[in-house]
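Under UniProt numbering, residue 299 is the last one in the sequence shown; the count climbs by one each step, no gaps. A short worksheet on the structure shown next.
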Amino acid sequence: MTPGPASDSDVARWTASLGLPGLVDLHVHFLPKPVMDKVWAYFDRASAHYGTAWPVHYRTSEEDRLETLRSLGVRRFAPLVYPHKPGMAEWLTSWALEFASRVPDAVPTGTFYPESGAGSAVDGALRAGARVFKAHVQVGAYDPRDELLKPVWGALADAGVPVVVHCGHGPLRGDFTGLPVFEEVLSRYPKLTAVLAHAAMPEFGTAFDLMAKYPRVHLDTTMVGVPFAEAVSPLPPDWTARLAAFADRVVLGTDFPNIPYSYATQLQAIAGWAAADDRLGEPFLRAVLHDTPLRLLDA
1 MTPGPASDSD
11 VARWTASLGL
21 PGLVDLHVHF
31 LPKPVMDKVW
41 AYFDRASAHY
51 GTAWPVHYRT
61 SEEDRLETLR
71 SLGVRRFAPL
81 VYPHKPGMAE
91 WLTSWALEFA
101 SRVPDAVPTG
111 TFYPESGAGS
121 AVDGALRAGA
131 RVFKAHVQVG
141 AYDPRDELLK
151 PVWGALADAG
161 VPVVVHCGHG
171 PLRGDFTGLP
181 VFEEVLSRYP
191 KLTAVLAHAA
201 MPEFGTAFDL
211 MAKYPRVHLD
221 TTMVGVPFAE
231 AVSPLPPDWT
241 ARLAAFADRV
251 VLGTDFPNIP
261 YSYATQLQAI
271 AGWAAADDRL
281 GEPFLRAVLH
291 DTPLRLLDA
C-alpha cells in the first residue's frame, strides 16, 4: 500500500507511483475576482461565523493558483461557481465557460438559482458545453424543491451531466439543508447524477443510504476526514466499511484554494481510508483520484 504524500511537493511523485497520469479534481473554486475577494473576506471572519479560524491556504493570484494545481499534477479540474442571490447564476456560468475556454485543464461548468428563466439558462449552458454544475443549497439559501428548478433538474438528469450539490448541514445548518430535503428531488429525478459535496457532512450514514437507493448518486471527498473537519464532524466508525460498498462512486474533491490546510492533507486522508480496508487499497485510490471523476466528466 502506497502511503499518502508527505507534502504538496510530494503529491506528483505519489500520484505517479499509483500509475496515474495525474489527478482529476471535481470540486475546485475559481470565481470572478470581486466574488472571490468577498468569499475570502467571509473566511477572514470565520471565527465569528463558524467559531474557528479559517485561514485560506492558497490565497494567491489566479495565475499562481493555476500553476499550483499544475505543480500538484492536477490534470483536469472543475472550477465550480455558485450564486447567493437572484441575478447572479447566468453571469457566473458565462464567466465559468469563458474561464474554461482560456484554461485548457479547466472543465466548463455552470450553476443556477430558482428564478425565472433558470431552465432555459441551464439548457443554454449545456449547449455551450458545460460538463458539471454546482448547486449550493446552503449559501444560496433556497429550496431545491422549488418549482422554478423543475426544468433544471430534468435537463441535468436527461443530459447525464453531474451536479455537485452542497445540501448537507455542514458547516452551518440552513433552512433547506439536510438530505431528507434533497431526497425529494432525487425521488422525482432518480436518473440525476448527483455528487454530494463533502459527502453530505455530517450526514454520512444517510448519504450512504441514498447511494444504496439511487445508483447515480456519488460522494466527493472535499474536506472529509481531514483533521480540520474531524474536530467538528468526525467520520463514523464504519466509514471505510460502508465506503467499500460504493468504491466506484467516490470522487476527488478538495475545495482548493479555500482550504485552511495543504492539498496534500486531503490526499493523506483518502490514502488512510484505502489502507484501512483490504477491499479498498490502491484500486480505490486510482478510482477516486482519477478514473471515476474522469468518467463523470466524459459521460
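The beta carbon of each residue, even a glycine, is placed where N, CA and C say it ideally should be.
Counting only runs of 3+ residues, the beta strand (DSSP E) found wholly inside the stretch 28-91 occupies 74-79, in chain order. In this structure, the beta-carbon distance from V164 to A197 falls below 8 Å. When the Cα atoms are used, G129 and A212 turn out to be separated by approximately 30 Å. Boundaries cannot be given for A200, as no alpha helix (DSSP H) includes it and DSSP labels it neither H nor E. Counting only residues of its own chain and dropping the five nearest sequence neighbours on each side, F284 has a CB closer than 7 Å to the CB of A247, A274. L219: member of the beta strand (DSSP E) spanning 217-220, first to last residue.
C-alpha of T265 to C-alpha of D298: approximately 27 Å in a straight line.
For F246, the secondary structure class from DSSP, reduced to helix, strand or coil, is helix. Residue state for F133 is assigned as strand, using DSSP reduced to three classes.
Rounded to whole angstroms, A16 and H290 show a C-alpha spacing of 12 Å.
Inclusion of A89 and F112 in the CB contact set at 8 Å is warranted, their separation being smaller than that value.
Residue range 150-159 is occupied by the alpha helix (DSSP H) that includes V152, with no beta strand (DSSP E) assigned at that position. The stretch 212-221 makes no contact with the stretch 174-182; the number of CB pairs closer than 8 Å stays below 3. Shown here, G140 sits in a helix according to DSSP, grouped into three states. Going by beta carbons, E282 and T2 fall inside the 8 Å limit.
Of the candidates L23, A6, L18, L23 places its Cα closest to the Cα of T254. As computed with DSSP, A106 is found in a beta bridge with F77.
Straight-line measurement puts the Cα of H136 at about 16 Å from the Cα of M223. By the neighbour-count criterion, in which a residue is buried when 16 or more other Cβ atoms sit within 10 angstroms of its Cβ, H166 is buried. Taking the C-beta atoms as reference points, P55 is found no nearer than 8 Å to L267.
Under the DSSP assignment, A269 falls in the alpha helix (DSSP H) whose first and last residues are 263-276. Inter-residue distance for A106 and P83 is about 20 Å (C-alpha atoms, whole angstroms).
For L126, the uninterrupted alpha helix (DSSP H) segment begins and ends at 118-127.
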